[in-house]
Amino acid sequence: MRKIKYYFLVLGTITLTACNEKESKEDEVSSVDKKASIETELSVQHIDTADVLITKHKVWKDNRLVREIVKRDTIPGLKDSIMEVGDKDGYEHTTSVKKDYEFYITVQ
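Residue numbers 1 to 108, in my numbering, belong to the letters of the sequence shown in order.
In structure tokens, the structure reads:
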């Protein structure tokens, strides 16, 4: 299962990170300012013909986690993509891969 996670911090610095093994992590946040911030994580889990959108919020104030909110929503799954892949012996074959949603986040 491939997960795409996005993080952003509100109240000061807004950073958007796309976690993918092949992409560089130049915008990756190494630590969260826990004095006054909201840390949000979005992910999609693929299940059968549907997907589950998971939204997690951590609210930080005065260096303490004051609230954690987790919400799960079922959304329609996207059509599969056909992809050419090679195995360890050098043989190529086609396989079906689940498409991922793109995330667009607006912070006000």
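Even glycine gets a Cβ: it sits at the ideal position worked out from N, Cα and C.
Cβ pair residue i, residue j closer than 8 angstroms
i, j, result
"K79", "K99", "yes"
"A36", "T74", "no"
"R72", "I54", "yes"
"L42", "F103", "yes"
Coarse secondary structure for residue i, derived from DSSP in three states
i, result
"D80", "strand"
"Q108", "coil"
"V39", "Inspection of the sequence shows that residue 39 is occupied by Glu rather than by Val. DSSP places E39 in strand when its eight states are reduced to three."
"V29", "coil"
"T94", "strand"
Buried/exposed call for residue i, threshold 16 Cβ in 10 Å
i, result
"E92", "exposed"
"E109", "Limits of the chain in this structure are 1 at one end and 108 at the other, which puts residue 109 out of reach."
"V107", "exposed"
"V44", "buried"
Cβ-Cβ separation, residue j to residue i (assumed contact under 8 angstroms), whole Å
i, j, result
"K34", "N63", "5 angstroms"
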